[in-house]
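What follows is a single structure, written as structure tokens, with notes after it.
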């Protein structure tokens, strides 16, 4: 726990896809950011390293959208697919970050259809549980410093992942929901109720991939005896027809919001989609100024 928490807050990295785009990469397809693991894992390590250089204490691995089925669909055998999934922790460690957080994304992320942003799956909850169990059985032995159960759209899936993780390890773990407004998760659950349901098994709880302007009311709604973790996206709106973001991108407004987040218990802060190295460098600079 002491390794994870710094004063006045720990800096988490930004969006992995965002820094890859800064490097000229174009993440796409079922594996998304994990596709480079097939033949160019050094590209992922370099992306992580850029966040370390920007001032991030915590690097989140490339396992968010990675799955055995996804790698098999890309043409490798099931054993090799599991090896590639497991390699995400070592690939991140090679960037020399202080803390490596193993990303455990939602079932919908591995479908590549955007369903993680509403959590209404055609699969049964038993199938969702089996998916998470199989993936965690590969990821847990890699021994990351902390598990980042992230972008959870619903209380039901969050509870499933936490139960499956705790059946395998008592390692530190945070869980973050993705929220559609100032009170509810993207599936429509009351955020405060969902967070309280999983908090007893966690090291920290909070939200990610949510507009920065929604963060403060969401955090204020919580009543849990844990550090809070926040890594919002850039807050712009995706225009699917024209394939572009509408509004400001980059997360430049996030540092100005951080003091209010700290006042209500945030202790781990970073960025998600659209927040790149400049956004994380700004957070690190803010941390230095507050600690001075």
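Numbering (the numbering used here), first residue to last: 2 to 293. Using N, Cα and C, we set each Cβ at its ideal position, and we do this for glycine too.
- Task: Work out the CA separation of residue 195 and residue 20 for me, nearest whole Å.
- Result: 31 Å
- Query: Tell me which same chain residues have a C-beta within less than 6 Å of the C-beta of residue 33, skipping the five on either side of it?
  - Reply: 66
- Query: If you drop the 5 nearest sequence neighbours on each side, which residues of the same chain put their C-beta closer than 7 Å to that of residue 122?
  - Reply: Excluding sequence neighbours, residue 122 sits near 108, 109, 116 and 129.
- Item | Minimum C-alpha distance to residue 143 - residue among 182, 152 and 91 | Out of 182, 152 and 91, 91 has the C-alpha closest to the C-alpha of residue 143.
- Item | Residues near residue 82 in its chain [Cβ-Cβ closer than 7 Å; skip 5 each side] | 69, 72 and 73
- Query: With a CB to CB cut of under 7 Å and the five nearest residues on each side skipped, what residues in its chain are close to residue 375?
  - Reply: A query on residue 375 cannot be resolved here, the shown segment of the chain reaching from 2 to 293 and no further.
- Between the CA atoms of residue 61 and residue 9 - distance to the nearest angstrom: 20 Å
- Backbone secondary structure at residue 152 - three-state DSSP: strand
- Message: Three or more C-beta pairs under 8 Å: does that hold for the segment 184-192 against the segment 134-141?
- Response: no
- Message: So within the segment 139-216, which uninterrupted alpha helix (DSSP H) runs reach at least 4 residues, ignoring any that extend past its ends?
- Response: 156-167 and 192-199
- Item | Top-ranked residue by Cα proximity to residue 182, from 52, 49 and 212 | 212
- Message: Measuring straight from C-alpha to C-alpha, what distance separates residue 64 and residue 221?
- Response: 30 Å
- Message: Could you compute how far the alpha carbon of residue 153 sits from the alpha carbon of residue 163?
- Response: C-alpha separation (whole angstroms): 11 Å.
- Please confirm whether residue 272 and residue 106 have their CB atoms less than 8 Å apart. no
- Query: Which residues in the same chain have their Cβ closer than 8 Å to the Cβ of residue 274, if we skip the five residues on either side of it in sequence?
  - Reply: 16, 18, 19, 210, 234 and 235
- Task: Sort 104, 12 and 96 by Cα distance to residue 87 and report the nearest one.
- Result: 104
- Test item: CB-CB of residue 149 and residue 175 under 8 Å: yes
- If you draw a straight line from the alpha carbon of residue 53 to that of residue 283, how long is it in whole angstroms? 13 Å
- Inter-residue CB distance, residue 137 and residue 166 (contact presumed, cutoff 8 Å): 6 Å
- Query: Which residue from 134, 291 and 151 puts its Cα closest to that of residue 120?
  - Reply: 151
- Own chain residues within Cβ distance below 7 Å of residue 180, not counting five before or after: 186, 187, 192, 208, 211, 215 and 219
- Message: With a threshold of 8 Å on Cβ separation, who are the neighbours of residue 285 within its own chain once the five nearest residues in sequence on each side are excluded?
- Response: 12, 55, 56 and 57
- Item | DSSP three-state assignment for residue 104, whether helix, strand or coil | strand
- Query: In this structure, does DSSP put residue 29 in helix, strand or coil?
  - Reply: strand
- Rounded separation between residue 205 and residue 199 - CA only: 10 Å
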